[in-house]
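In the working numbering, the protein residues as written are 1 to 202.
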């Protein structure tokens, strides 16, 4: 239970900390790489762009007031910038840099959601096949008096949770994991779904 709570805490905290951990230039590099890979795999740049615009517009409407209030709250930024003190000059750029990072993070979220939406039919279909295969494997075990193995089920269930949590983290936070990794993670996920269904304790 504690491990599950720590994983959820990571999913919640890391996206919030992303504006501090990543600079706008870092996130722009991640976005360019993700976009190029998504276009090369999906092939329809116009469709990707349309979905990104919709998701990005919704994301901006959610964070716009927060970003604006944070930027407008830095009334002394110009004073720090003109002071000539290197430390105060560095401090003066924090509000603008934070706002840019949050907006880029929202764009990264929109891009990755767009890729997932376009891949969804191809990601769900193998999962359905694995569930059916797991059910048939389970029936075969019962007919041959080969009982399910709870340790295998337990391992598979934890692997499924870890992969799902990691996918959610990848969507929410601009971690430098390429888009190409998602089909690989999905393949692993479907295999563990098969193991979990086939070995669910009676």
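Glycine included, each C-beta is placed from N, C-alpha and C at the ideal position. Computed from a predicted structure; not experimentally measured.
Straight-line gap, residue i to residue j (C-alpha atoms, nearest Å)
i, j, result
"residue 103", "residue 133", "43 Å"
"residue 152", "residue 38", "34 Å"
"residue 191", "residue 121", "17 Å"
"residue 188", "residue 101", "32 Å"
"residue 29", "residue 154", "39 Å"
"residue 135", "residue 129", "10 Å"
"residue 74", "residue 182", "Its pLDDT being 49, under 50, residue 74 is placed unreliably by the model, and the measurement read from it follows with that caveat. One C-alpha to the other measures close to 39 Å."
Cut-off 8 Å between Cβ atoms - residues of its own chain near residue i, not counting five sequence neighbours on either side
i, result
"residue 148", "138, 141, 198, 199, 200, 201, 202"
"residue 178", "33, 34, 37"
"residue 160", "189, 192, 193, 196"
For residue i, the three-state DSSP class (helix, strand or coil)
i, result
"residue 177", "coil"
"residue 201", "coil"
"residue 148", "coil"
"residue 22", "coil"
"residue 43", "coil"
Same chain, Cβ closer than 7 Å to residue i, five either side skipped, listed in chain order
i, result
"residue 131", "193, 197"
"residue 110", "52, 55, 56, 59"
"residue 162", "none"
Residues near residue i by beta carbon distance below 6 Å, same chain, minus five either side
i, result
"residue 123", "186"
"residue 126", "190"
Beta-carbon proximity of residue i to residue j, cut-off 8 Å
i, j, result
"residue 171", "residue 113", "yes"
"residue 48", "residue 118", "yes"
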